[in-house]
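Order-wise, the sequence lines are chains A and B.
The end of the first sequence is residue 116 by our numbering, with every number in the run present.
The end of the second sequence is residue 1130 by our numbering, with every number in the run present.
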Amino acid sequence: AQTVTQSQPEMSVQEAETVTLSCTYDTSESDYYLFWYKQPPSRQMILVIRQEAYKQQNATENRFSVNFQKAAKSFSLKISDSQLGDAAMYFCAYRPGNNDMRFGAGTRLTVKP
Amino acid sequence: DTAVSQTPKYLVTQMGNDKSIKCEQNLGHDTMYWYKQDSKKFLKIMFSYNNKELIINETVPNRFSPKSPDKAHLNLHINSLELGDSAVYFCASSLHMTYEQYFGPGTRLTVT
């Protein structure tokens, strides 16, 4: 069974606009961690943002922020003021406690100039 | 300085050969991992090592074996390579199991 679901295989955004990438996960754990990773064409996996499940406050990193809805098991990524360099595959990842990390299938983001 | 490095970045080889991919991290992390990313970009964990102990081993063929000579290295050995082994292999490390993982640049393996 798929633990992490990214329902948008592809998304597109105009430069300088805002885009939200969706992620839902399935778990019975109360203690876990969530991440968004970016993979540009260079194929390097880059950590974008991290969220601990016990924290109610949504994580933010500059233009990147998340909307973490624990009850709904939802963890979306919002990119504000999109830049051409934001074009990449974005992977949502879930890690329960000391167990292995599970990745979603990814969302390919295109940024239009 | 590169935090997590892998060599080689590209590897082309024939079926039946044995090959190794090296990974090194200079972050002082205590846990290292190997992932396989298939042609559809799906990432799947293969192994992880914590303090030189194998702690996760997914349903990976025993032709694949991780070897950790020390805390900073986790090499991946693959015996009797098959066409289906073609993929990008990523090494990663984390300070502890629950912390975020930092990835190497990946090794694109092509088996002909």
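Just so you know, even glycine gets a beta-carbon here, dropped at the ideal spot from N, CA and C.
Check                                                                                                                          : Outcome
Closest by C-alpha distance to P99 (chain A), when choosing among A:F38, A:V22 and A:Q11                                       : A:F38
Contact check, D104 (chain A) vs F1121 (chain B), beta carbons under 9 Å                                                       : Going by the sequence as given, residue 104 (chain A) is Met instead of Asp. Taking 9 Å as the Cβ cut-off, M104 (chain A) and F1121 (chain B) do not qualify as a contacting pair.
C-beta neighbour in chain A for D1118 (chain B), strict 9 Å                                                                    : With the sequence shown as reference, residue 1118 (chain B) is identified as Glu, and Asp is not the correct amino acid for it. Chain A, which has a Cβ nearer than 9 Å to the Cβ of E1118 (chain B), makes this yes.
Listed by chain order, chain A residues near V1106 (chain B) by CB distance under 9 Å                                          : R46
C-alpha gap between R158 (chain A) and S31 (chain A), whole angstroms                                                          : In this structure chain A extends from 4 to 116, so residue 158 (chain A) is not present and cannot be described.
Chain-ordered neighbours of F1082 (chain B) on chain A, where CB pairs are closer than 9 Å                                     : Within 9 Å Cβ-Cβ: nothing; F1082 (chain B) doesn't reach chain A, min ~16 Å.
Counted within 10 angstroms of its Cβ, other Cβ atoms place S15 (chain A) as buried (16 or more) or exposed                    : exposed
Chain B residues whose Cβ lies nearer than 8 Å to that of F67 (chain A)                                                        : Neighbours of F67 (chain A) on chain B: none; closest Cβ ~14 Å, over 8 Å.
Beta-carbon proximity of L1099 (chain B) to G1034 (chain B), cut-off 9 Å                                                       : yes
Residues, ordered as in the chain, of the stretch 1092-1103 of chain B that lie near chain A by beta-carbon distance below 8 Å : none
Through-space distance from A19 (chain A) to V7 (chain A), alpha-carbon basis                                                  : 29 Å
Any chain A beta carbon closer than 9 Å to K996 (chain B)                                                                      : Coverage of chain B is limited to positions 1019 through 1130, which leaves residue 996 (chain B) absent and any answer about it impossible.
Close beta carbons around T21 (chain A), own chain, < 8 Å, minus the five adjacent residues each side                          : K81, I82, S83, D84 and S85
Partner residues on chain A for I1063 (chain B), Cβ-Cβ distance less than 9 Å                                                  : D103, M104, R105 and F106
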